[in-house]
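Asker: Following this message is one structure expressed as structure tokens.
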Amino acid sequence: MTKTVLTVDDSRTIREMLRAALTEAGMNVLQAEDGVHGLEVLDGAMPDVIVTDINMPRMDGFGFIEAVRGSDKHRAIPILVLTTESVDDKKDRARRLGATGWIVKPFDPTKLVNAINRVAA
Numbered sequence: 007m008t009k010t011v012l013t014v015d016d017s018r019t020i021r022e023m024l025r026a027a028l029t030e031a032g033m034n035v036l037q038a039e040d041g042v043h044g045l046e047v048l049d050g051a052m053p054d055v056i057v058t059d060i061n062m063p064r065m066d067g068f069g070f071i072e073a074v075r076g077s078d079k080h081r082a083i084p085i086l087v088l089t090t091e092s093v094d095d096k097k098d099r100a101r102r103l104g105a106t107g108w109i110v111k112p113f114d115p116t117k118l119v120n121a122i123n124r125v126a127a
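As structure tokens, then:
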């Protein structure tokens, strides 16, 4: 079955790289440019996995993760954080809020696809 992935990142370049890597792996890709937009997209969608950045305008990844985990409809969706941040306190904060995993940019497309397949299983 084809997986649907919502990517949330304010960088157009990263969104395009994610779209290319994931569509090449046979996945459907939904995209949002920040946490607020991500919640709007989630309003009408049920992705198998969410991949979100942390540092974004309007609503950052922490706020977005918290909002998704607070939603009855979407709370069980695995969330992978994809960010340039690699400091432990941010990882711990994301994990406490409900993030499933953490991937540091620049990402390896194969590893990202494997991670998505692992958490979506």
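Numbering (this note's numbering), first residue to last: 7 to 127. Glycine is no exception: its CB is placed at the ideal position from the N, C-alpha and C atoms. These figures come from a predicted structure and were not determined experimentally.
1) Since Gly-107 sits in a beta bridge, which residues does DSSP pair it with?
2) Quick check on the DSSP output: what are the complete alpha helix (DSSP H) runs of length 4 or more inside the segment 14–92, in order along the chain?
3) Buried or exposed: where does Met-62 fall if 16 or more other Cβ atoms within 10 Å of its Cβ makes it buried?
4) Give a yes or no on whether the C-beta atoms belonging to Val-74 and Arg-64 are separated by under 8 angstroms.
5) For the candidate residues Ala-31, Lys-79 and Asp-16, whose alpha-carbon lies nearest to that of Thr-10?
Answerer: Per the coordinate set shown:
1) Leu-86
2) Counting only unbroken stretches of 4 or more residues, the alpha helix (DSSP H) elements lying wholly within the segment 14–92 are 18–30, 41–49 and 67–75, in sequence order.
3) buried
4) Taking 8 angstroms as the cut-off, the Cβ atoms of Val-74 and Arg-64 do not count as close.
5) Ala-31
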